[in-house]
Amino acid sequence: MVALWPRRDPGFAEVRDAAGVGSQAGGAAGNGGAGGAGGWLAGTGGAGGIGGLGGAASGDRFAGGAGGSGGAGGHGGLLFGSGGAGGSGGSGGAATSSFTDVAPPAAVSGAGGDGGRGGDAGIFYGDGGAGGNSGHGGQGSTPPATAVRGASGGSSGTAGAGGNAGMFGNGGHGGLGGAGGAGAGSDDVLRGGNGGNGGLGGAGGVGGWLHGDGGAGGAGGGAGAGGQATLGAGGIGGNGGSGGAGGAGQTGGFFSGSGGAGGKGGAGGAVSAAFTMGIGGPAGSGGNGGSAQLLGNGGAGGDGGTNAFSPQTQRSDGGRGGNGGLLYGNGGAGGDGGNGGVNNGGAGGNAQLIGNGGDGGMGIGGGTGGPGGAAGKLFGQPGTPG
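The UniProt record's numbering puts the first residue of the sequence shown at 1, with every later residue one more than the last.
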């Protein structure tokens, strides 16, 4: 006997409308494989695999598939060797919306996959591997002319952290947060889709135990813009997504080494065109700078991202600067507040025994400038307030 309907694909949610036309949500993508370890004595770890792309939705009103996560980077050789880089996450699949009214939630495009963690270095010497970038959120597909609501963009994942160094070596930098997908819209729809959120930047890796700088945090991803809507019928544009926060810088080596810088916050998502009524998304705050441990300077705090027509209650402040080393080192400068809205500058890091305090970050739009860091107890100058 012949089946009336084709067998559905594994991992797909199938729904049929009254006319018997099948539509499916996009399938989730596979994850990237982990990189192999370096040789017993020495060797660089292999890079992690890239996550697959999420499947696009087949038909209207269905969600796009999520992108796969990136694989972790391989460990460096047992004694010597750098860690492998983490793989990037895959992008999410697209979705469309075609509702008869604006009440139901819009179909959402697939989320971007997380980035893989960078591999750690060998025991004696080697740098940590870089963290993988997170995948971009899926874009909302252009809705059909009969649609009243556009699909929302997918959010990005979290970027991978950098790997840790060996006894000597630098920590790996954190991966970059991916961009959020844009919401769909057109001149015909009454409600544009919302933009997806930007991905979070990955944290840096720890510097070498005896000597090495901490890895810098990755920047947060920018958010997707909201989709446009019709002007004549009081349409409402989609809201912009939130920008991803910058990753934190990591501490320097125990004996000597500077802390890593914090990542910059991602920009908030814009509203699409001036005739829509959507709200721009808030930007991500900057990541904090990493501190030195015994000898070394603190890392600078990351700047806040740029807001997109956001209410003043939404903040994108600068990150705090890291502290200098216990015996010697300057504090890191605080990051500046982001543009748009009222955003505070980050505080400067403190010196400990000998060294200057870090300068405070600049406040933006009436925001408070960050306080300067304290001078070293034995010798040094305090940081200048922002």
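Cβ coordinates follow ideal geometry from the N, Cα and C atoms, glycine included. Bear in mind the structure is a predicted one, so any value in this text is a computation, not a measurement.
Give the secondary structure of residue i by DSSP, where H, G and I count as helix, E and B as strand, and everything else as coil.
| i | result |
| --- | --- |
| Ala106 | coil |
| Ala95 | strand |
| Phe124 | coil |
| Ile354 | strand |
| Leu295 | strand |
| His211 | strand |
| Arg320 | coil |
| Ser82 | coil |
| Phe254 | coil |
| Asp9 | With a pLDDT of 33 at Asp9, under the threshold of 50, the modelled position of that residue is not reliable, and the figure given next carries that caveat. The answer is coil: DSSP assigns Asp9 none of H, G, I, E or B. |
| Ser23 | Unreliable positioning characterises Ser23 in this predicted model, as indicated by a pLDDT of 46, which lies under 50. A coordinate reading is not provided. |
| Arg191 | strand |
| Ser152 | strand |
| Ala42 | strand |
| Gly238 | coil |
| Phe379 | strand |
Among the candidates the options, whose CA atom is the shortest distance from the CA of residue i?
| i | options | result |
| --- | --- | --- |
| Gly208 | Asn170, Ala223 and Arg191 | Asn170 |
| Asp187 | Ala47, Gly181 and Ala229 | Ala229 |
| Gly361 | Ile354, Gly346, Ala351 and Gly367 | Gly346 |
| residue 390 | Gly325, Gly220 and Gly238 | Nothing in the structure corresponds to residue 390, since the chain is present only between 1 and 386. |
| residue 388 | Gln293, Trp40, Gly244 and Ala270 | This structure gives no information on residue 388, because the portion of the chain shown stretches from 1 to 386. |
| Gly260 | Asn297, Gly226, Ala283 and Pro282 | Asn297 |
| Gly349 | Gly115, Gly341 and Gly321 | Gly321 |
| Ala216 | Gly181, Gly358, Gly160 and Gly92 | Gly160 |
| Gly284 | Ala270, Gly305 and Gly299 | Gly305 |
| Arg315 | Asn330, Gly119, Asn343 and Gly329 | Asn343 |
| Ser97 | Gly153, Gly70 and Gly55 | Gly153 |
| Gly68 | Asn31, Gly157 and Gly174 | Asn31 |
For residue i, write down the residues that DSSP places opposite it in a beta bridge.
| i | result |
| --- | --- |
| Ile364 | Asn343 |
| Thr158 | Leu200 |
| His75 | Partner(s): none; His75 has no beta bridge. |
| Arg117 | For Arg117, which the question treats as bridged, DSSP gives no partner whatsoever. |
| Phe168 | Tyr125 and His211 |
| Gly140 | Ala95 |
Going by other Cβ atoms of all chains shown within 10 Å of its Cβ, with 16 needed for buried, is residue i buried or exposed?
| i | result |
| --- | --- |
| Ala223 | buried |
| Gly370 | buried |
| Asp317 | buried |
| Phe62 | buried |
| Leu176 | buried |
| Leu53 | buried |
| residue 401 | With the chain running from 1 to 386 in the structure shown, residue 401 is simply not present. |
| Leu295 | buried |
| Phe80 | buried |
| Gly366 | exposed |
| Phe255 | buried |
Mind checking if residue i is an interface residue toward chain D, Cβ cutoff 8 angstroms exclusive?
| i | result |
| --- | --- |
| Met362 | Looking for chain D here will not work: only one protein chain is present. |
Using 8 angstroms as the threshold, is the segment 257 to 272 in touch with the segment 326 to 343, meaning 3 or more CB pairs across them?
-> Taking 8 angstroms as the limit for Cβ pairs, the verdict is that the segment 326 to 343 does touch the segment 257 to 272.
At a cut of 8 angstroms, does the segment 110 to 127 reach the segment 139 to 152 through at least three beta carbon pairs? Pairwise C-beta distances place the segment 110 to 127 out of contact with the segment 139 to 152, as fewer than three of them are shorter than 8 angstroms.
Legend entry - Three CB pairs or more closer than 8 angstroms across the segment 157 to 174 and the segment 113 to 128: Yes, since at least three Cβ pairs between the segment 157 to 174 and the segment 113 to 128 fall closer than 8 angstroms, the two stretches touch.
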